[in-house]
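>
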Amino acid sequence: MRLFLERGFDRVTVAEIAEEAETAVTTLFKYFPGGKVALVFSHEEDRAAALADAVRNRSADTDPLTAIEDFIGTRLPFDPHMDAASPLLRLIFETPELRAYARQKWTDCEDALMAVLVEQCGYPDDAPLRALARLILQSPDIVAQHSTPRAALAMIFANLRRGWQLDA
């Protein structure tokens with residue numbers, strides 16, 4: 012991360028990272044098969060499973076949309092423990108490959124989110140839930156660079172709640 016932050020993501024080679032880590036390039040790829048991008052996001056859990064669990068394990072008084080909004084609110088760029096002007100966030104937003112990867116990490120959750128919504132809401136048709144899942148999973152990227160990302164995310168979910176009935 013130090014190399015990326017000092018010189019920029021595109022100006023650092025895998026060979027330089029391996030040298031800095033005092034390891035072989037092949038060893039680096041063994042542990043980070045996704046290459047340089049995987050190094051930036053190495054702390055990631057199985058987001059799709061974690062998102063589904065957040066909906067599945069929500070309290071009885073929490074609706075699915077609130078559970079999803081709360082889950083998203085704990086991840087980048089909404090993480091309350093991370094300053095919105097942090098060098099890591101700037102690196103991600105200013106590097107097209109990293110921003111695309113971050114977006115993909117959310118959109119890869121579509122099937123899991125749709126499945127848990129079908130399971131939890133008993134909706135008779137999965138097409139509307141797939142549309143909802145896509146809208147939800149695009150929201151982190153849409154609001155990420157907003158001047159107040161958390162407020163923008165809240166507005167998206169407020170509008171979803173007004174227009175999307177999840178009971179069958």
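Counted the way my numbering counts, the sequence shown spans residues 12 to 179.
Ideal placement from N, C-alpha and C gives every residue a C-beta, glycine not left out.
Mind listing, in chain order, the continuous alpha helix (DSSP H) runs of no fewer than 4 residues lying wholly within the region 67-121?
If you keep only unbroken alpha helix (DSSP H) runs of at least 4 residues inside the region 67-121, you get 75-83, 98-105, 107-118.
> With a threshold of 8 angstroms, are at least 3 pairs of Cβ atoms found where one atom belongs to the region 97-109 and the other to the region 35-43?
The answer is no - the region 35-43 does not touch the region 97-109, with fewer than three Cβ pairs under 8 angstroms.
> Roughly how many angstroms lie between the CA atoms of residue 66 and residue 30, to the nearest whole one?
Going by the C-alpha atoms only, they are around 43 angstroms apart.
> Can you tell me whether DSSP reads residue 166 as helix, strand or coil?
helix
> Do residue 89 and residue 161 have their C-beta atoms closer together than 8 angstroms?
yes
> Is residue 12 near the ligand NAP, in the sense that its beta carbon is under 7 angstroms from a heavy atom of that ligand?
Absence of the ligand NAP is noted for the structure shown, with no ligands found whatsoever.
> Grab me the residues of residue 168's own chain with a C-beta within less than 7 angstroms of its C-beta, minus the 5 sequence neighbours each way, in chain order.
76, 80
> Would a C-beta distance cut-off of 8 angstroms place residue 171 and residue 146 closer than the cut-off?
yes
> If I'm right that residue 152 touches residue 114 with Cβ under 8 angstroms, what's the distance once you round it to whole angstroms?
4 angstroms
> Distance, Cα to Cα, residue 130 vs residue 28?
Whole-angstrom Cα-Cα distance: 44 angstroms.
> Tell me the rounded alpha-carbon separation between residue 68 and residue 22.
43 angstroms
> Please tell me whether residue 62 and residue 142 are closer than 8 angstroms, where the distance is taken between their beta carbons.
no
> DSSP state of residue 43, grouped into three classes?
coil
> Please classify residue 31: does DSSP put it in a helix, a strand, or coil?
helix
> Residue 18 lies in the alpha helix (DSSP H); which residues open and close that run?
13-18
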